[in-house]
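A.B. asks: Would you mind keeping the following structure in view while I ask a few things?
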Amino acid sequence: MNKKILFIFLVAALVIVAGCGNGNSEGTIDQSGNPVDNADQALTDAQSEVEDLELSDVDSLDEDLNLI
Amino acid sequence: MKKIFLFLVLFLLAFNVTAQGEGTDVKDDSSVDDRLEPAVIDSQPDNALIIPEPERKKVRERVEDEEVKTENRKKIEGNRERLRTLIEEKIKDTPAAERNRILKITERVENVDTFIEDLTPEEAKKFALLTRAKQIEIARERKAKKLNNIKIMEVKDEEFRVRQISKENVKKAVENLKEAIKQSDKIEENLKETRERLRNAEKNEEKLAAGKEHFTNAVEAQLTELNSLKERIQNNQDLTADETSAAVERIDNAISKLNETKARIEAATTLDELKQIGKKIREYALIKHIYKTRAVQANICHGILLRSDLLERKAELALSDAEKNGQDTTELNSKIEELSTLLETARTKCAEAKESFNSAKETDDVEARKELIKSFIESVKTAHKTLLEANPIIKEIRTMTNDLNVELDSQKVDEIVVEEEDGNE
Chain D
1 MNKKILFIFL VAALVIVAGC GNGNSEGTID QSGNPVDNAD QALTDAQSEV EDLELSDVDS
61 LDEDLNLI
Chain A
69 MKKIFLFLVL FLLAFNVTAQ GEGTDVKDDS SVDDRLEPAV IDSQPDNALI IPEPERKKVR
129 ERVEDEEVKT ENRKKIEGNR ERLRTLIEEK IKDTPAAERN RILKITERVE NVDTFIEDLT
189 PEEAKKFALL TRAKQIEIAR ERKAKKLNNI KIMEVKDEEF RVRQISKENV KKAVENLKEA
249 IKQSDKIEEN LKETRERLRN AEKNEEKLAA GKEHFTNAVE AQLTELNSLK ERIQNNQDLT
309 ADETSAAVER IDNAISKLNE TKARIEAATT LDELKQIGKK IREYALIKHI YKTRAVQANI
369 CHGILLRSDL LERKAELALS DAEKNGQDTT ELNSKIEELS TLLETARTKC AEAKESFNSA
429 KETDDVEARK ELIKSFIESV KTAHKTLLEA NPIIKEIRTM TNDLNVELDS QKVDEIVVEE
489 EDGNE
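Just so you know, the protein sequences line up as chains D and A, in that order.
Under the working numbering, the first residue of the first sequence carries the number 1, and numbering increases by one thereafter.
Under the working numbering, the first residue of the second sequence carries the number 69, and numbering increases by one thereafter.
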C-alpha cells in the first residue's frame with residue numbers, strides 16, 4: 001500500500017516539477033544568447049556583403065556596349 | 069518510508085517557494101512614478117580657502133547655468149505632473165517603467181501633456197513604446213498621424229526572424245554567394261583580355277568574334293552570381309515567404325533569359341544584334357543588383373536595426389532601475405539619447421533604401437533603374453555605417469549599467485513598435 005502511495009506521490013511530484021520548469025521557460029523573449037554580442041556579430045557578418053555592393057559589372061557592360 | 073515521505077514533502081515545498089520567487093514581477097508599481105525625478109546635479113566640495121579668479125569665474129558660470137536649469141526645470145515640473153497623471157490614466161496597463169519614459173522627453177519638448185491628452189489610449193500606448201528619438205520627433209512636430217503607420221509587435225525572439233531558417237543554412241548561403249562573387253570576379257578578369265581585343269578590332273568580323281566571346285563570358289559571370297543569390301534569398305530570415313517567392317521568380321526568370329541569351333550570342337550575325345543582346349545582359353545584371361542589395365538591406369534594416377531598437381528599450385528599463393535605486397544616471401541617460409539619435413538616422417536611411425528598392429523594382433526605364441539602385445546601395449551603406457557607430461555606444465551603455473549594478477541584457481521587453489511597412493516586407 002505504502003509503495004503505491006509513494007509511486008503516485010513521485011509521479012505527481014514529477015508532473016509539478018516539469019510544469020514549473022515549463023512555466024519558467026515561457027514568455028515572449030528567447031533569452032538564449034547575449035543581445036549585445038548578437039547585434040555586434042550580425043553587424044560584423046554584414047560588413048563584407050555591404051562592401052560587395054557596387055555596380056562595377058554594369059559600368060563595365062556600359063563600356064563594352066560603347067566598343068561595339 | 070515515513071522519512072522518505074517527509075523528505076519529499078519538504079523538497080516540494082522548498083521548490084514551490086523558489087519557483088514563486090522567480091516569477092515575481094514588480095514592474096507595474098505605481099509608487100515607482102514618484103521616484104522618477106530628474107537627476108540631481110552634483111556639487112563639488114570646496115576645499116580651498118582662497119579660490120583663484122578663473123576658478124571663481126567657472127563656479128559663477130556654473131551657478132548661473134544651474135539657475136537657468138532650475139528655472140527650466142520648474143517650468144516643466146508642472147506639466148510633468150499633469151503628464152504623469154494623464155499617462156497613468158490612458159495606458160495604465162503598460163508597465164510604469166515603460167510609460168514613464170514619456171516623462172523624459174519633457175526635457176526636450178514643450179507641452180507634451182497637451183499632446184498626450186489628444187491621443188487615444190491605443191495611440192498613447194504606441195507612443196510610449198517608441199524609441200526616445202522618435203517620441204521627441206513626433207511630439208515636437210505634434211504629428212499624431214504618424215502613429216497610424218506604426219504597429220505594435222510582440223517580441224517572440226530577439227532576432228526578429230520573419231522566417232525560421234537554421235543558422236547553418238543562413239551561413240552556408242552567405243558563404244556560397246561570396247564564393248560566387250569571387251568566381252565572377254575571376255571571369256571579369258578574363259573579360260579584360262576580350263575587351264582589349266574588342267577595342268583593338270578594326271574589321272567588323274573581328275569585332276563580332278571578340279564581342280561574342282566577351283558577352284558569353286559576361287553571361288557566365290552573371291549566371292554564377294544569380295544562382296547563389298537565389299540561395300541567399302531563400303535562406304534569408306528577414307524576408308517573408310511571399311517576398312522570397314516573388315524575388316526567386318524574378319531571379320529564375322533572369323537565369324532562364326540569360327541562358328537563352330547564350331544561344332542568341334552564338335547565332336548573332338551583326339554587331340547591332342550583338343549590341344542589343346549586350347543591353348539585355350546589362351538589364352539582368354541590374355535585376356541581380358536589386359535583390360543582392362535587398363538581401364543585405366533586409367538583414368540590416370529588419371534584423372539588426374530591430375535588435376538595436378530592443379537594446380535601446382532595454383537600456384531605458386535599466387536606466388529606470390538605476391533611477392529607482394537613487395543612482396546618478398546623468399551619463400547613462402545622455403548615452404541612451406546618443407544611441408537613440410543614431411538609430412533614428414539608421415531608420416531614416418532604411419526607409420529611403422526601401423523606397424529606392426520599391427521604385428527600382430517597378431520601373432521599366434533601365435537608366436532610371438540604375439540610378440535608383442545606386443541610391444538604394446548608398447542608403448544601405450549609410451544605414452550600416454550608422455549602426456556600426458551605434459555599436460560602441462551600446463557597449464558603453466552595457467559597461468555603465470554594469471557599473472550601476474543594474475541588468476541590461478536580461479531586461480524583459482514584451483512589445484516593440486515597428487513601421488507598418490516594415491512588417492509587410
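Glycine residues also receive a C-beta, built at the ideal position from the N, C-alpha and C atoms.
Computed from a predicted model, the values in this text were never measured in an experiment.
Does the Cβ of residue 408 of chain A have 16 or more other Cβ atoms within 10 Å, making it buried, or fewer, making it exposed?
C.D. replies: Position 340 of the second sequence holds residue 408 of chain A. When all chains shown are included, residue 408 of chain A counts as buried.
A.B. asks: Can you find a C-beta in chain A that's less than 8 Å from the C-beta of residue 67 of chain D?
C.D. replies: What you label residue 67 of chain D is simply residue 67 of the first sequence in a count that begins at 1. Yes, residue 67 of chain D lies at the interface with chain A (some Cβ there is under 8 Å from its Cβ).
A.B. asks: With a CB to CB cut of under 6 Å and the five nearest residues on each side skipped, what residues in its chain are close to residue 379 of chain A?
C.D. replies: Counted from its first residue, the second sequence places residue 379 of chain A at position 311. Once the five neighbours on either side are set aside, the close Cβ partners of residue 379 of chain A are 462.
A.B. asks: Quick one: using the 10 Å Cβ neighbour count with 16 as the cut-off for buried, is residue 181 of chain A buried or exposed?
C.D. replies: In the second sequence, residue 181 of chain A corresponds to position 113, counting from 1. By the neighbour-count rule (16 or more Cβ atoms within 10 Å), residue 181 of chain A is buried.
A.B. asks: Okay, do the region 225-241 of chain A and the region 297-310 of chain A touch, 3+ Cβ pairs below 8 Å being the bar?
C.D. replies: At 8 Å Cβ cutoff, the stretches touch.
A.B. asks: For a test of the three-state rule: what should DSSP assign to residue 299 of chain A, helix, strand or coil?
C.D. replies: Within the second sequence, the letter at position 231 stands for residue 299 of chain A. Of the three classes helix, strand and coil, the one that applies to residue 299 of chain A here is helix, per DSSP.
A.B. asks: Spell out whether any CB of chain D is found under 8 Å from the CB atom of residue 459 of chain A.
C.D. replies: In the second sequence, residue 459 of chain A corresponds to position 391, counting from 1. Chain D contact via Cβ: present.
A.B. asks: Keeping to the same chain, check which residues put their C-beta closer than 8 Å to that of residue 373 of chain A; ignore five residues upstream and five downstream.
C.D. replies: In the second sequence, the residue the question calls residue 373 of chain A occupies position 305. 411, 414, 415, 418, 451, 455, listed in sequence order.
A.B. asks: Using a Cβ-Cβ cutoff of less than 8 Å, which residues in the same chain neighbour residue 199 of chain A once the five nearest sequence positions on both sides are dropped?
C.D. replies: The count along the second sequence starts at 1 and reaches residue 199 of chain A at position 131. Contacts found: 377, 380, 381, 408, 411, 412.
A.B. asks: Nearest chain D C-beta to residue 474 of chain A closer than 8 Å, yes or no?
C.D. replies: In the second sequence, residue 474 of chain A corresponds to position 406, counting from 1. It does not; no Cβ of chain D falls within 8 Å.
A.B. asks: If I follow the unbroken beta strand (DSSP E) through residue 484 of chain A, where does it start and stop?
C.D. replies: Mapped onto the second sequence, residue 484 of chain A falls at position 416. Taken as a continuous stretch (DSSP letters only), the beta strand (DSSP E) holding residue 484 of chain A covers 483-487.
A.B. asks: With a threshold of 8 Å between beta carbons, is residue 294 of chain A in contact with chain D?
C.D. replies: As a first step, residue 294 of chain A must be located in the second sequence, where it is residue number 226. It does not: the Cβ of residue 294 of chain A has no partner Cβ on chain D nearer than 8 Å.
A.B. asks: Can you give me, in chain order, the residues of the region 267-291 of chain A that have a beta carbon less than 8 Å from any beta carbon in chain D?
C.D. replies: Within the region 267-291 of chain A, the residues whose Cβ lies closer than 8 Å to some Cβ of chain D are 267, 275, 279, 282, 283, 286, 289, 290, listed in chain order.
A.B. asks: Kindly say whether residue 477 of chain A, judged by its beta-carbon, lies nearer than 8 Å to any beta-carbon of chain D.
C.D. replies: Here residue 477 of chain A is taken as the residue at index 409 of the second sequence, counted from 1. Yes, residue 477 of chain A lies at the interface with chain D (some Cβ there is under 8 Å from its Cβ).
A.B. asks: Can you list, in chain order, the residues of its chain whose CB lies under 6 Å from that of residue 116 of chain A, leaving out five sequence neighbours each side?
C.D. replies: Here residue 116 of chain A is taken as the residue at index 48 of the second sequence, counted from 1. Here residue 116 of chain A scores only 44 on pLDDT, less than 50, and its place in the model should not be relied on; the value that follows carries that caveat. Cβ neighbours of residue 116 of chain A beyond the five flanking positions: none.
A.B. asks: Using a Cβ cut-off of 7 Å, which residues of the region 363-376 of chain A contact any Cβ in chain D, in chain order?
C.D. replies: Per Cβ criterion, the list reads 364, 367, 368, 371, 372, 375, 376.
A.B. asks: Which same chain residues, not among the five before or five after residue 253 of chain A, have their C-beta less than 8 Å away from its C-beta?
C.D. replies: Taking the second sequence and counting its residues from 1, one reaches residue 253 of chain A at position 185. Hits under 8 Å: none found.
A.B. asks: Expressed to the nearest angstrom, what Euclidean distance is found between the alpha-carbon atoms of residue 225 of chain A and residue 483 of chain A?
C.D. replies: Numbered from its first residue, the second sequence carries residue 225 of chain A at position 157. Numbered from its first residue, the second sequence carries residue 483 of chain A at position 415. Approximately 11 Å, taken between the alpha carbons.
A.B. asks: Apart from the five residues just before and just after residue 56 of chain D, which ones in its own chain have a Cβ nearer than 7 Å to its Cβ?
C.D. replies: For the purposes of this step, residue 56 of chain D is identified with residue 56 of the first sequence, where counting begins at 1. Result list for residue 56 of chain D: empty, nothing under 7 Å.
A.B. asks: If we ignore side chains and look at the alpha-carbon of each, how far apart do residue 156 of chain A and residue 304 of chain A end up?
C.D. replies: In the second sequence, residue 156 of chain A corresponds to position 88, counting from 1. In the second sequence, residue 304 of chain A corresponds to position 236, counting from 1. Distance between the alpha carbons of residue 156 of chain A and residue 304 of chain A: 41 Å.
A.B. asks: Would you mind sorting residue 494 of chain A into buried or exposed? The rule is 16 or more other CB atoms within 10 Å of its CB.
C.D. replies: The requested residue 494 of chain A is not part of the displayed model; chain A covers only 69 to 493.
A.B. asks: Can you tell me the Cα-Cα spacing of residue 311 of chain A and residue 161 of chain A, whole angstroms?
C.D. replies: As a position in the second sequence, residue 311 of chain A is number 243, starting the count at 1. As a position in the second sequence, residue 161 of chain A is number 93, starting the count at 1. Spanning the two alpha carbons is a distance of roughly 36 Å.
A.B. asks: With 8 Å as the threshold, decide whether the Cβ of residue 346 of chain A is near any Cβ in chain D.
C.D. replies: Start at 1 with the first residue of the second sequence, and residue 346 of chain A comes out as number 278. True, the Cβ-Cβ gap to chain D drops below 8 Å.
A.B. asks: Would you kindly report the start and end of the unbroken alpha helix (DSSP H) that includes residue 453 of chain A?
C.D. replies: Within the second sequence, residue 453 of chain A is the residue found at index 385, counting from 1. From DSSP, the alpha helix (DSSP H) with residue 453 of chain A extends over 434-471.
A.B. asks: Can you pull the chain D residues whose beta carbon is under 9 Å from the beta carbon of residue 448 of chain A, in chain order?
C.D. replies: Position 380 of the second sequence holds residue 448 of chain A. By Cβ distance, chain D contributes 50, 53.
A.B. asks: Would DSSP call residue 219 of chain A helix, strand or coil?
C.D. replies: Within the second sequence, residue 219 of chain A is the residue found at index 151, counting from 1. Correct three-state label for residue 219 of chain A: strand.
A.B. asks: Would residue 169 of chain A and residue 384 of chain A be called neighbours here (beta carbons separated by less than 8 Å)?
C.D. replies: Your numbering for residue 169 of chain A matches position 101 in the second sequence. Your numbering for residue 384 of chain A matches position 316 in the second sequence. Contact flag set, yes.
A.B. asks: Under the criterion of a Cβ to heavy atom distance below 7 Å, does residue 401 of chain A qualify as lining the ligand HEM?
C.D. replies: The ligand HEM is not part of this structure, which contains no ligands at all.
A.B. asks: Using 8 Å as the limit for Cβ to Cβ distance, is residue 159 of chain A near chain D?
C.D. replies: Start at 1 with the first residue of the second sequence, and residue 159 of chain A comes out as number 91. Judged by the 8 Å Cβ criterion, residue 159 of chain A is not in contact with chain D.
A.B. asks: Between residue 361 of chain A and chain D, is the shortest Cβ-Cβ distance under 8 Å, so that the two count as touching?
C.D. replies: Taking the first residue of the second sequence as 1, we reach residue 361 of chain A at position 293. Yes, because at least one Cβ of chain D sits closer than 8 Å to the Cβ of residue 361 of chain A.
A.B. asks: How long is the line joining the alpha carbons of residue 63 of chain D and residue 174 of chain A, rounded to whole angstroms?
C.D. replies: Counting from one through the first sequence, the residue named residue 63 of chain D turns up at place 63. Counting from one through the second sequence, the residue named residue 174 of chain A turns up at place 106. Residue 63 of chain D and residue 174 of chain A: Cα-Cα distance of roughly 57 Å.
A.B. asks: Against chain D, does residue 353 of chain A count as a neighbour if the rule is that its beta carbon must be under 8 Å from one of theirs?
C.D. replies: Stepping through the second sequence from its first residue, residue 353 of chain A is reached at position 285. Output row for residue 353 of chain A: interface = yes.
A.B. asks: Let me confirm a value: residue 434 of chain A is counted as buried when at least 16 other C-beta atoms fall within 10 Å, else exposed. Which label applies?
C.D. replies: To locate residue 434 of chain A, count along the second sequence from 1; it is residue 366. Answer is exposed; the Cβ neighbour count stays below 16.
A.B. asks: Beta carbon of residue 277 of chain A, beta carbon of residue 259 of chain A: below 8 Å?
C.D. replies: If you number the second sequence from 1, residue 277 of chain A lands on position 209. If you number the second sequence from 1, residue 259 of chain A lands on position 191. For residue 277 of chain A and residue 259 of chain A, no; Cβs fall outside 8 Å.
A.B. asks: At the level of alpha carbons, what is the spacing between residue 332 of chain A and residue 348 of chain A?
C.D. replies: Here residue 332 of chain A is taken as the residue at index 264 of the second sequence, counted from 1. Here residue 348 of chain A is taken as the residue at index 280 of the second sequence, counted from 1. Taking the straight line from one Cα to the other gives about 11 Å.
A.B. asks: Whose Cβ in chain D lies nearer than 8 Å to the Cβ of residue 438 of chain A?
C.D. replies: Translated into positions along the second sequence, residue 438 of chain A becomes position 370. Result: 55, 58.
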